[in-house]
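Residue numbers (the numbering used here): 238 to 414.
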């Protein structure tokens with residue numbers, strides 16, 4: 238979140254998106270290592286991802302969680318969806334996120350879904366183009382969520398009031414008719 242701010246990891250749920258087992262052949266035999274891609278979030282707008290490597294699974298997951306805690310962000314959730322459509326790229330992966338109506342659910346692949354669920358987004362449509370490497374998909378999704386802005390944020394940055402492009406039906410109705 239912010240430099241110097243302390244967070245309690247007990248408040249966060251964690252999901253291991255992907256395990257990688259690598260082998261290094263040495264003189265005495267084979268040495269195994271585990272890599273764990275972990276996503277943490279409180280389901281109320283805060284989410285992060287991390288990658289941890291160790292010789293055993295629990296240690297790799299713990300390192301991933303600690304790594305994720307360093308890059309925690311706040312996601313603007315409007316109702317149950319995101320404020321606007323957005324596309325972000327990480328390496329050869331492009332992820333498109335589009336807001337959806339209440340009740341649609343999370344239409345997403347295996348790597349995008351945990352990031353959105355743990356961020357607290359319940360209705361969104363996603364599409365992954367290019368490489369489907371789990372790390373790059375999670376990175377691109379994280380960057381897309383990080384770049385989201387609400388209407389109030391945009392008004393504050395520009396110093397101008399935003400106007401809705403379409404009049405609401407009740408505003409367009411003629412009084413007394």
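Where is the CB? At the ideal position from N, CA and C, for every residue including glycine.
Residues 336, 337, 358, 360 and 361 of the same chain have their beta carbon placed closer than 7 Å to that of residue 318, with the five preceding and five following residues left out of the count. Beta-bridge partners of residue 327 (DSSP): 330.
Pairing residue 331 with residue 301 gives a Cβ-Cβ distance that is not under 8 Å.
By alpha-carbon distance to residue 340, the top candidate from 276, 349, 352 and 316 is 316. The Cβ atoms of residue 309 and residue 372 lie no closer than 8 Å to each other. Following the DSSP letters along the chain, one finds residue 266 inside the beta strand (DSSP E) bounded by residues 266-278. In the DSSP annotation of this structure, the continuous segment of the alpha helix (DSSP H) that includes residue 299 starts and ends at 294-306. Ranked by how close their Cα comes to the Cα of residue 377, the residues 348, 294 and 396 have 348 in first place. With a beta-carbon spacing of about 7 Å, residue 355 and residue 277 fall inside the 8 Å limit used to define contacts. Inclusion of residue 306 and residue 285 in the CB contact set at 8 Å is warranted, their separation being smaller than that value. Residue 379 and residue 334 have their alpha carbons spaced roughly 11 Å apart.
Exposure of residue 263 is indicated by the presence of fewer than 16 other C-beta atoms within 10 angstroms of its C-beta.
Taking all protein chains shown into account, residue 295 has fewer than 16 neighbouring C-beta atoms within 10 Å of its C-beta and is therefore exposed. Beta-bridge annotation (DSSP): residue 285 is paired with 277.
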